[in-house]
Amino acid sequence: MGISHWPEGERPREKLIHLGPQALSDAELLAIFLRVGVKGRSAVDLARDLLSEFDGLRPLLEADRGTFCRAHGLGDAKYVQLQAALELSRRHLETLLMRGDALNSPAMVRRFLSAHLRDLGHEVFAALFLDSQHRVLRFEKLFTGTLDAAAVYPREVARRALALNAGAIIFAHNHPSGVAEPSDADRRITTRLVEALGLFDIRVLDHFVVGDGEVTSFAERGWL
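This is how it looks when you write it as structure tokens:
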């Protein structure tokens with residue numbers, strides 16, 4: 110039976126309108142994105158099949174183009190739509206973050222950094238450059254490394270901060286292993302950055318390590 114023949118309260122679109130997106134299951138949300146099913150399978154049935162095939166929503170959203178497009182019911186058009194939706198979400202977070210004091214939105218900072226760094230297959234060291242009122246000036250990915258390391262140069266960080274007239278910085282980097290526990294090397298480079306930037310009265314407010322579903326804060330551990 111097609112979704113149009115379902116009771117209105119069970120149809121994903123109507124359910125979202127009346128109850129909000131948080132009330133829908135992963136399969137129902139994915140069904141709205143898919144819009145239509147395939148022969149003999151409704152959009153919700155197809156969504157459930159895909160979630161089972163990819164072993165969950167996140168692996169589906171993170172799949173590369175080749176893997177995504179090989180799945181039954183998907184293709185280049187859906188892949189393009191999905192990438193556009195994900196990028197809109199990242200830009201929306203950035204817009205919200207740019208509106209106010211970053212320190213008054215710690216949860217949003219975490220979501221923003223996770224959205225930009227969590228799914229990368231190599232280590233990236235990034236920074237949120239802030240003005241003296243802790244408003245975001247710019248987010249930049251500064252250094253890129255291999256699977257488990259990125260060379261970070263305090264002199265280059267200081268030069269960029271001065272060019273942006275930053276008064277403070279929040280650092281972040283990802284661990285492709287998925288483990289958000291800071292290493293000894295992470296702590297050493299943070300100390301060097303604090304010392305280098307302190308010469309120019311630029312404060313390091315925090316350093317986040319982004320893992321698989323977890324973001325660890327140096328400041329919360331009392332390391333800054």
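Using my numbering, you'd call the opening residue of the sequence shown number 110 and step up by one each time. Glycine included, every Cβ here is placed at the ideal spot set by N, Cα and C.
Query raised in the report: Based on the DSSP secondary-structure assignment, which residues constitute the bridge partners of Arg-312?
Result: For the purposes of this step, residue 312 is taken as residue 203 along the sequence shown, with counting starting at 1. In the DSSP output, where bridge partners are listed per residue, Arg-312 has Ala-277.
Query raised in the report: How about the stretch 227-247 and the stretch 182-195: do they share at least three Cβ pairs that are nearer than 8 Å?
Result: no
**Report entry** Residue nearest to Ala-216 in terms of C-alpha spacing, selected from Arg-330, Gly-175, Gly-331, Val-324
**Finding:** Here residue 216 corresponds to residue number 107 of the sequence shown, with the count starting at 1. The candidate whose alpha carbon is nearest that of Ala-216 is Val-324.
Requested in this report: Please classify Val-318: does DSSP put it in a helix, a strand, or coil?
Outcome: For the purposes of this step, residue 318 is identified with residue 209 of the sequence shown, where counting begins at 1. Here Val-318 sits in strand by DSSP.
Query raised in the report: When you compare only the Cα positions, how much space is there between Gly-129 and Asp-293?
Result: Sequence index remark: in the sequence shown, residue 129 carries index 20 (1-based). Sequence index remark: in the sequence shown, residue 293 carries index 184 (1-based). Cα-Cα distance, rounded: 44 Å.
Requested in this report: Determine, using beta carbons only, whether Val-313 and Asp-295 come nearer to each other than 8 Å.
Outcome: Counting from 1 along the sequence shown, the entry for residue 313 is found at position 204. Counting from 1 along the sequence shown, the entry for residue 295 is found at position 186. Result no, Cβ atoms of Val-313 and Asp-295 do not sit closer than 8 Å.
Query raised in the report: Rounded C-beta distance between Ala-272 and Ile-278? I'm assuming under 8 Å.
Result: Taking the sequence shown and counting its residues from 1, the one referred to as residue 272 is at position 163. Taking the sequence shown and counting its residues from 1, the one referred to as residue 278 is at position 169. Not a contact, Cβ separation roughly 13 Å.
Query raised in the report: Leu-306 to Ala-235, Cα distance in whole Å?
Result: Taking the first residue of the sequence shown as 1, we reach residue 306 at position 197. Taking the first residue of the sequence shown as 1, we reach residue 235 at position 126. Spanning the two alpha carbons is a distance of roughly 15 Å.
Query raised in the report: Taking the DSSP output, what are the residues bridged to Leu-237?
Result: Numbered from 1 along the sequence shown, position 128 holds the residue referred to as residue 237. Its beta-bridge partners are Phe-248, Ile-279.
Query - Distance between Ile-126 and Ala-260 (C-alpha atoms, nearest Å) - result: Counted from its first residue, the sequence shown places residue 260 at position 151. Counted from its first residue, the sequence shown places residue 126 at position 17. Distance between the alpha carbons of Ala-260 and Ile-126: 48 Å.
Query - C-beta atoms of Val-145 and Ala-152 nearer than 8 Å - result: The count along the sequence shown starts at 1 and reaches residue 145 at position 36. The count along the sequence shown starts at 1 and reaches residue 152 at position 43. In contact: Val-145 and Ala-152 (Cβ atoms closer than 8 Å).
Report task. Could you pull out every residue in the same chain whose Cβ sits closer than 6 Å to the Cβ of Asp-240, ignoring the five residues on either side in sequence? Result -> As a working mapping, residue 240 is identified with position 131 in the sequence shown. The residues are Leu-246, Gly-276.
Report task. Grab me the residues of Met-207's own chain with a C-beta within less than 7 Å of its C-beta, minus the 5 sequence neighbours each way, in chain order. Result -> Position 98 of the sequence shown, counting from 1, holds the residue named residue 207. Closer than 7 Å at Cβ, skipping near neighbours: Val-245.
Query raised in the report: Taking buried to mean at least 16 other C-beta atoms within 10 Å of its own C-beta, is Thr-204 buried or exposed?
Result: Locating residue 204 in the sequence shown gives position 95, where the first residue counts as 1. That one is exposed.
Requested in this report: Alpha carbon to alpha carbon, how far is Ala-140 from Met-172? Give it in angstroms, no decimals.
Outcome: Looking up residue 172 in the sequence shown gives position 63. Looking up residue 140 in the sequence shown gives position 31. A quick correction: the sequence has Ala, not Met, at residue 172. Cα-Cα distance, rounded: 18 Å.
Query raised in the report: Does the Cβ of Asn-283 have 16 or more other Cβ atoms within 10 Å, making it buried, or fewer, making it exposed?
Result: In the sequence shown, the residue the question calls residue 283 occupies position 174. Looking at its Cβ environment, which holds 16 or more other Cβ atoms inside 10 Å, Asn-283 is buried.
Query raised in the report: Between Arg-122 and the rest of its own chain, which residues show a CB-CB distance below 7 Å, the 5 nearest in sequence each way excluded?
Result: Translated into positions along the sequence shown, residue 122 becomes position 13. If we look at Arg-122 and ignore the five residues flanking it on each side, its Cβ neighbours are Ile-141.
Query raised in the report: Rounded to whole angstroms, how far is the Cβ of Leu-197 from the Cβ of Ala-224, which I believe are closer than 8 Å?
Result: If you number the sequence shown from 1, residue 197 lands on position 88. If you number the sequence shown from 1, residue 224 lands on position 115. At roughly 11 Å, the Cβ-Cβ gap does not stay under 8 Å, so Leu-197 and Ala-224 are not in contact.
Query raised in the report: Expressed to the nearest angstrom, what Euclidean distance is found between the alpha-carbon atoms of Leu-183 and Leu-133?
Result: Position 74 of the sequence shown, counted from the first residue, corresponds to residue 183. Position 24 of the sequence shown, counted from the first residue, corresponds to residue 133. C-alpha separation (whole angstroms): 21 Å.
Query - Gly-334 vs Pro-285 beta-carbon contact at 8 Å - result: Residue 334 lies beyond the residue range present for the chain, which begins at 110 and ends at 333; the question has no answer from this structure.
Requested in this report: Measure the C-alpha to C-alpha separation of Gln-242 and Val-218 and round it to an integer number of angstroms.
Outcome: Position 133 of the sequence shown, counting from 1, holds the residue named residue 242. Position 109 of the sequence shown, counting from 1, holds the residue named residue 218. Roughly 16 Å between the two C-alpha positions.
**Report entry** CB contact check: Gln-192 to chain C, cutoff 8 Å
**Finding:** The chain labelled as chain C is not found in the depicted structure, where only one protein chain is given.
Query - Bridge partners - Val-324, DSSP secondary structure assignment - result: Counting from 1 along the sequence shown, the entry for residue 324 is found at position 215. DSSP, once it has assigned bridges, lists Val-319 as partnering Val-324.
Query - Whole-angstrom distance between Pro-263 and Leu-302, CA atom to CA atom - result: Taking the first residue of the sequence shown as position 1, residue 302 is located at position 193. Taking the first residue of the sequence shown as position 1, residue 263 is located at position 154. The straight-line gap separating the alpha-carbon atoms of Leu-302 and Pro-263 is approximately 5 Å.
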